[in-house]
Amino acid sequence: MPTAWFTTQLHTFEAAFTKALEKIDAPLRLKEALLYSTLNGGKRLRPLLTIASGELCGAKLEETLSIASAIEMIHAYSLVHDDLPAMDDDEYRRGKLTCHKAYDEATAILTGDALLTASFEFLSHIETLSAEKRLQLIQLISHAAGSAGMVGGQYLDLSSENRTISLHELETLHRKKTGALIKASILAGAIAGNTNQSTYDKLSVYADNIGLAFQIKDDILDITGTQEELGKKPGSDLLQEKSTYISLLGLEDSIGKLDELTNEAIELLSSLGKKAEPLIDLAHYIQKRNH
Ligand code: GRG
1 MPTAWFTTQL HTFEAAFTKA LEKIDAPLRL KEALLYSTLN GGKRLRPLLT IASGELCGAK
61 LEETLSIASA IEMIHAYSLV HDDLPAMDDD EYRRGKLTCH KAYDEATAIL TGDALLTASF
121 EFLSHIETLS AEKRLQLIQL ISHAAGSAGM VGGQYLDLSS ENRTISLHEL ETLHRKKTGA
181 LIKASILAGA IAGNTNQSTY DKLSVYADNI GLAFQIKDDI LDITGTQEEL GKKPGSDLLQ
241 EKSTYISLLG LEDSIGKLDE LTNEAIELLS SLGKKAEPLI DLAHYIQKRN H
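According to this note's numbering, the sequence shown is numbered sequentially starting from 1.
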């Protein structure tokens with residue numbers, strides 16, 4: 001990365017996402033906090049995955065851009081709430097003050113609430129998609145974002161502070177906290193398009209692998225990254241005495257596991273031809289990223 005595909009799609013997504021956010025009706029300061037927390041330089045990994053998977057499965061770009069916007073709203077909400085004093089209590093995110101530091105705690109809570117609800121309102125209005133597909137997407141994404149997925153994973157994460165957990169527990173936590181929304185981003189692109197069961201199943205395993213690979217890389221970066229690269233203080237896992245892949249497996253084996261998951265994911269898609277290349281590049285990007 002960045003390939004020409006990556007640069008073009010990122011640009012197209014930013015324009016579509018900005019337009020979607022500007023449509024949200026909210027009191028002035030809440031709207032300002034909402035835009036502050038979304039248009040602030042995230043990697044847009046989940047939207048790129050939706051667009052890449054939609055492209056592989058023949059979805060219309062307009063539709064995948066809308067779905068990707070809805071998913072990025074949920075991701076942004078999760079970061080705003082994760083940074084709150086009751087959770088990770090972070091001062092910086094993406095190199096800028098976190099939402100509750102730039103505004104205040106109540107505004108940050110409501111910004112997250114507004115983004116989460118706006119996401120589903122927005123999904124329900126993608127009128128070029130059939131009502132059945134919209135319902136399927138809402139079911140997929142709400143399940144991934146809720147207590148069976150991201151919210152449940154966040155709960156497990158918070159309850160794992162100051163104690164050692166097993167590798168199995170760590171994997172379950174990560175598959176829910178980060179993996180579930182990443183997986184939904186990929187499967188949403190497939191639902192928007194039309195694909196056969198075999199490709200859907202491959203995408204599903206690819207998604208499981210890169211979701212976990214993303215988190216292992218995150219653990220590695222928390223040890224090896226700098227504040228400048230990460231846009232937030234490194235070493236937060238150590239500070240909170242959290243079990244990580246590094247604390248349970250060591251750095252070398254964690255890198256080994258990351259490489260194994262990435263290679264398996266790429267291998268799975270290699271039979272799907274040129275249209276699978278962006279997804280393959282995104283798996284490499286997750287493996288090699290430095291922030
Ligand atoms: C508060 C319900 C609730 C959930 C929070 C995802 C999450 C759950 C918390 C984020 C905490 C964290 C730093 C997890 C590590 C992996 C992760 C999701 C990193 C942030 O995602 P990126 O790297 O962020 O895609 P950008 O800024 O690029 O969008």
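Idealized CB from N, CA, C, for every residue including glycine.
Residue i beta carbon near the ligand GRG (any heavy atom closer than 7 angstroms)
i: G179; result: no
i: G42; result: yes
i: R134; result: no
i: R94; result: yes
i: D208; result: no
i: Q287; result: no
i: L73; result: Rather than Leu, the amino acid found at residue 73 in this sequence is Met. Because no heavy atom of the ligand GRG lies under 7 angstroms away, the Cβ of M73 does not count as near it: no.
i: Q215; result: yes
i: D218; result: yes
i: Q9; result: no
i: H81; result: yes
i: L261; result: no
i: L45; result: yes
i: S198; result: no
i: S78; result: yes
i: V205; result: no
i: Q154; result: yes
Beta-carbon proximity of residue i to residue j, cut-off 8 angstroms
i: Q197; j: D82; result: no
i: L28; j: L39; result: no
i: A372; j: G149; result: There is simply no residue 372 to check, as the chain begins at 1 and stops at 291 in what is shown.
i: K242; j: S160; result: yes
i: A129; j: A86; result: According to the sequence shown, residue 129 is Leu rather than Ala. Cβ distance not < 8 angstroms, so L129 and A86 don't count as in contact.
i: L34; j: L115; result: yes
i: D219; j: T178; result: no
i: G189; j: A59; result: yes
i: I266; j: I280; result: yes
i: E156; j: L135; result: Correcting the residue type first, residue 156 is Leu in the shown sequence and not Glu. No, the pair does not count as a contact, with Cβ atoms beyond the cut-off.
Cβ shell of residue i (< 8 angstroms), same chain only, five flanking positions each side left out
i: K43; result: R289 and H291
i: L261; result: N209, I210, L212, A213 and I216
i: K133; result: I191 and A192
i: L97; result: E91
i: K275; result: E55 and L56
i: S270; result: A276 and I280
i: D88; result: D82, S236 and Q240
Residue i versus residue j: straight-line alpha-carbon distance, rounded
i: C349; j: E91; result: Since the displayed the chain opens at 1 and closes at 291, residue 349 lies outside it and no answer follows.
i: F17; j: L45; result: 13 angstroms
i: S254; j: A213; result: 10 angstroms
i: E264; j: H125; result: 37 angstroms
i: T226; j: L268; result: 33 angstroms
i: K23; j: G273; result: 38 angstroms
i: G95; j: E228; result: 8 angstroms
i: E378; j: F6; result: The chain is shown only over 1 to 291; residue 378 falls outside these bounds and no answer can be derived.
i: E252; j: E121; result: 44 angstroms
i: K257; j: A207; result: 16 angstroms
i: H11; j: T164; result: 42 angstroms
i: R123; j: E62; result: Checking the displayed sequence, the identity of residue 123 turns out to be Leu instead of Arg. So the two alpha carbons sit approximately 13 angstroms from each other.
i: L84; j: V151; result: 15 angstroms
i: D222; j: S236; result: 7 angstroms
i: Y200; j: L158; result: 33 angstroms
i: N194; j: A68; result: 17 angstroms
i: Q287; j: A15; result: 27 angstroms
i: D259; j: D104; result: 41 angstroms
i: E32; j: L137; result: 28 angstroms
i: F13; j: A131; result: 24 angstroms
i: T362; j: E127; result: Outside the displayed span of the chain (1 to 291) sits residue 362, for which this structure offers no information.
Chain-order list of residues whose beta-carbon lies under 7 angstroms from that of residue i (same chain, five-residue window excluded)
i: L282; result: L48, L49 and A52
i: Y36; result: C99 and A102
i: L30; result: T107, L110, T111 and A114
i: A26; result: L34 and A114
i: L187; result: L140, L203, S204 and A207
i: H75; result: R46 and L181
i: Q240; result: E161
i: T3; result: D281
i: T8; result: none
i: K19; result: none
Residues of its chain near residue i, where Cβ-Cβ distance is below 6 angstroms and the 5 sequence neighbours each way are ignored
i: G112; result: Y77, V80 and H81
i: Y167; result: It is worth fixing the name first, because residue 167 is Leu in this sequence and not Tyr. Cβ within range, chain order: L248.
i: A184; result: L140, I141 and A144
i: G41; result: R94
i: A70; result: S119, F122 and L123
i: G54; result: T64, G189, A192 and G193
i: L170; result: S243
i: K176; result: G149, G152 and G153
i: T117; result: none
Checklist entry - Mind pulling the alpha helix (DSSP H) runs of 4 or more residues that sit fully within the stretch 88-152? => result 99-102, 105-124 and 131-145
Item to check | Inside the stretch 167-195 only - alpha helix (DSSP H) runs reaching at least 4 residues | outcome: 167-174 and 180-192
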